[in-house]
Structures are given as C-alpha cells and as structure tokens.
Ligand SMILES: Nc1ncnc2c1ncn2[C@@H]1O[C@H](COP(=O)(O)OP(=O)(O)OP(=O)(O)O)[C@@H](O)[C@H]1O
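In our numbering, the protein residues as written are 52 to 311.
(1) Sort 70, 61 and 65 by Cα distance to residue 295 and report the nearest one.
(2) Taking Cβ to Cβ, would you say residue 107 is nearer than 8 angstroms to residue 137?
(3) Assuming residue 70 is part of the beta strand (DSSP E), what are its boundary residues?
(4) With a threshold of 7 angstroms (Cβ to nearest heavy atom), would residue 93 be considered close to ligand 1?
(5) In angstroms, rounded to a whole number, what distance separates the CA positions of residue 66 and residue 236?
(6) Is residue 190 near residue 59, with beta carbons less than 8 angstroms apart?
(7) If you count every other CB in all the chains shown that lies within 10 Å of the CB of residue 158, and 16 or more means buried, which is it?
(8) For ligand 1, list every residue whose C-beta falls under 5 angstroms from any of its heavy atoms, going in chain order.
(9) Along the chain, where does the alpha helix (DSSP H) containing residue 246 start, and where does it finish?
(10) Would residue 259 pass as a contact of residue 227 if the rule is Cβ separation under 8 angstroms?
(11) Reducing DSSP to helix, strand and coil, say where residue 89 ends up.
(12) What do you get for residue 300, buried or exposed, if any count of 16 or more other CB atoms within 10 angstroms of its CB means buried?
(13) Nearest-angstrom Cα distance between residue 95 and residue 253?
(14) Can you find at least 3 beta carbon pairs, one from the stretch 123 to 136 and one from the stretch 73 to 86, that sit closer than 8 angstroms?
(15) Quick one: what does DSSP say residue 182 is sitting in, helix, strand or coil?
(16) Which of helix, strand or coil does DSSP assign to residue 235?
(17) Just the C-alpha distance for residue 105 and residue 257, rounded to the nearest angstrom, thanks.
(18) So what does residue 59 bridge to, in DSSP terms?
(19) If you follow the beta strand (DSSP E) that residue 159 is in, where does it begin and where does it stop?
(20) Would you kindly work out how many angstroms separate the C-alpha atoms of residue 280 and residue 244, rounded to a whole number?
(21) Quick check: the stretch 106 to 123 against the stretch 201 to 214, are there 3 or more CB pairs under 8 angstroms?
(22) So, residue 193 versus residue 55, is the Cβ gap smaller than 8 angstroms?
(23) Any idea what DSSP makes of residue 293, helix, strand or coil?
(24) Tell me whether the beta-carbon of residue 61 lies closer than 8 angstroms to the beta-carbon of residue 208.
(25) Taking the alpha carbon of residue 293 as the reference point, which residue from 128, 269 and 222 has its own alpha carbon closest?
(26) Could you tell me which residues DSSP puts in a beta bridge with residue 172?
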C-alpha cells in the first residue's frame, strides 16, 4: 500500500505546489510509482506537471462530487512512474457543493482506496485554505508535509493549521502524523532567512527537514514549461534539493517502518 502525504499550509504562495510537483517527480525519478493528486482549484500542480487543463473533460471534481472512479481520471505524465489526478477551475465549486453531501470529509479517502495498491506514494497538493478540500486531503493522508516560507511571520497561521491537524486526528483520522516541515524560498544572502530557520527549528525541532529549498530562478521558471525541475534543469540547485528531500522522505519512512 502506498503512503499518502498531504502538502498543506493555508497560507498562500509558500511553495506547496512547487514542493508537491517536485517531490512527486523526484520520487518517480528514483523509481517509485507516484500519484500526484491536485485538489487546488487553481490547478497549478496539474499544469506544472505538463497536463493541459483545457484538454480535461473530467477532473478530481467529478471524483469528489459525482463519485466518478478515481482511476478514470488518473493521467500519465511525461515523467516515467508519475501519474496525476488533475484539477480544473470546476473544482472551485466543490467546497460549497460538498457541504450537504454524506461523508463529505472522507470522499477523497474512499475514492483513492481502490487504486492505492498501484502506487508507492500519493502526494496531495492542497489549496491555501482549511476548508473541505484540505479536510478531505488530511483525512485521506498518512502524514502532512508543511512548507514554510523563509520570511517574516513564517510561523504565523501555523497554530491554526496544527489545530486543524489535531481535530482531524481526533475525529477523522487517528493515524495522521506530521511528515515534516520544509523551509522554502530561502534567500541565503540575507540574515533574515537564517533567523527564520532557527525560529522554525526551535518550534518544530527534528521535524524540520535538513533539505532547505533556496530561492531559485529555475524553480520559478519550470512550471511555465510544464516540467518538474528534475526534467527542466536537472543540474540546478533546485533539482538537487528536491532530490535530497525525496531521499529524506524515503529514509524517514524506513525509520518509521523499523520502529513499528
Ligand atoms: N524555491 C523557489 N524559488 C523561486 N520561486 C519559487 C520557489 N518556490 C516557489 N516559487 C514560485 O513562487 C510562487 C508560489 O509558489 P507555489 O505556487 O509553489 O506556492 P503555493 O503555496 O502552492 O501557492 P498557493 O497557496 O497559491 O497554492 C510560484 O510562482 C512559484 O513558481
């Protein structure tokens, strides 16, 4: 059975999509079977993986709201071992349309169950909110990866996210753990970035990944080419760091398995 990791932080623009796409592609590059699930109505993980949203008749919306089988919307990408369940703008309506439905928080979990044995990792890119879409992701996941941007007020809003995670653990998904905290967009030329790293490490301690994502022009360019960084510029610093992150995620998983 695959491991399901939600990439979540209700703060906008902190590097969720960049991390979800590039972690997925790096795990796939390392020969793991990976499914990237886009549940952000902006659909940036979909286009960033090279899928043209305009070509999609159906997306994760139809799975969540209309009970379409997930396998019907799994699309292969140009990266070997990487499939995507795409999101289009149609998904914007789901937050409201799901409200009156039965088991509204467990719809993604139920939809993924029949295809879980095909993948080693399922990575879910969440929208910048703590609404029903993110709740579906947290309920379907084994763990949460939290990207934190290296900027002033980096920790702001995180207590709200941690509170939501605790509520999900209590009522919907006891197994949910924090996979790790990923520092993103570090500008190494400033002291601020280093101060933020210290502050985040004090708060999250050994949950913070050794891999810290730098601000990297190539990482910012890659989505407009519909390519993960490992394809767009495999020699870039961004590609190196996301490969290191994938190795950390794999190693942490092995440590947990040994403990159990
Ligand atoms: N390390 C980086 N270096 C340079 N640019 C980056 C980096 N990480 C992300 N970006 C750019 O910053 C912007 C925001 O990143 P991203 O879309 O990954 O954040 P997000 O948290 O998913 O945003 P949203 O909350 O809107 O879903 C994007 O334009 C992305 O290309």
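Backbone N, C-alpha and C fix where the C-beta goes; we use that ideal spot for every residue, glycine too.
If we stick to the structure as given:
(1) Residue 295 sits at position 244 when you count from the first residue of the chain shown. Out of 70, 61 and 65, 70 has the C-alpha closest to the C-alpha of residue 295.
(2) As a first step, residue 107 is located in the chain shown; it is residue number 56 there, counting from the start. As a first step, residue 137 is located in the chain shown; it is residue number 86 there, counting from the start. If you check the CB distance, residue 107 and residue 137 come in under 8 angstroms.
(3) The count along the chain shown starts at 1 and reaches residue 70 at position 19. Premise fails: residue 70 lies in the alpha helix (DSSP H), 67 to 80, not in any beta strand (DSSP E).
(4) To locate residue 93, count along the chain shown from 1; it is residue 42. Result yes, Cβ under 7 angstroms from ligand 1.
(5) The sequence position of residue 66 within the chain shown is 15, counting from 1. The sequence position of residue 236 within the chain shown is 185, counting from 1. One C-alpha to the other measures close to 8 angstroms.
(6) In the chain shown, residue 190 corresponds to position 139, counting from 1. In the chain shown, residue 59 corresponds to position 8, counting from 1. In this structure, residue 190 lies away from residue 59, with their beta-carbon atoms at least 8 angstroms apart.
(7) Residue numbering aside, residue 158 sits at position 107 when the chain shown is read from its first letter. Buried, since its Cβ has 16 or more Cβ neighbours within 10 Å.
(8) 63, 64, 65, 66, 67, 68, 69, 179, 236, 264, 266, 267, 270 and 271
(9) Here the question's residue 246 lines up with position 195 in the chain shown. From DSSP, the alpha helix (DSSP H) with residue 246 extends over 242 to 255.
(10) As a working mapping, residue 259 is identified with position 208 in the chain shown. As a working mapping, residue 227 is identified with position 176 in the chain shown. For residue 259 and residue 227, no; Cβs fall outside 8 angstroms.
(11) Translated into the one-based positions of the chain shown, residue 89 becomes position 38. Residue 89 falls in the strand class under three-state DSSP.
(12) Counting from one through the chain shown, the residue named residue 300 turns up at place 249. Buried is the call here.
(13) Position 44 of the chain shown, counted from the start, is the residue given in the question as residue 95. Position 202 of the chain shown, counted from the start, is the residue given in the question as residue 253. Rounded to whole angstroms, the separation of the alpha carbons of residue 253 and residue 95 is 32 angstroms.
(14) Because the criterion of three Cβ pairs below 8 angstroms is met, the stretch 123 to 136 and the stretch 73 to 86 touch.
(15) As a working note, residue 182 is residue 131 in the chain shown. Of the three classes helix, strand and coil, the one that applies to residue 182 here is coil, per DSSP.
(16) Working through the chain shown from its first residue, we reach residue 235 at position 184. Three-state result, residue 235: strand.
(17) Reading the chain shown from its first residue, position 54 is the one you call residue 105. Reading the chain shown from its first residue, position 206 is the one you call residue 257. Their Cα atoms are separated by approximately 42 angstroms.
(18) To locate residue 59, count along the chain shown from 1; it is residue 8. Partner(s): none; residue 59 has no beta bridge.
(19) Mapped onto the chain shown, residue 159 falls at position 108. Here residue 159 belongs to no beta strand (DSSP E); instead the alpha helix (DSSP H) covers 158 to 163.
(20) Sequence index remark: in the chain shown, residue 280 carries index 229 (1-based). Sequence index remark: in the chain shown, residue 244 carries index 193 (1-based). One C-alpha to the other measures close to 23 angstroms.
(21) The stretch 106 to 123 is not in contact with the stretch 201 to 214.
(22) The count along the chain shown starts at 1 and reaches residue 193 at position 142. The count along the chain shown starts at 1 and reaches residue 55 at position 4. Yes, Cβ-Cβ distance for residue 193 and residue 55 is below 8 angstroms.
(23) What you label residue 293 is simply residue 242 of the chain shown in a count that begins at 1. Helix, per DSSP.
(24) Indexing the chain shown from 1 puts residue 61 at position 10. Indexing the chain shown from 1 puts residue 208 at position 157. In contact: residue 61 and residue 208 (Cβ atoms closer than 8 angstroms).
(25) Taking the chain shown and counting its residues from 1, the one referred to as residue 293 is at position 242. Checking every option, the nearest Cα to that of residue 293 belongs to 269.
(26) Residue numbering aside, residue 172 sits at position 121 when the chain shown is read from its first letter. Answer by DSSP bridge pairing, in chain order: 54 and 85.
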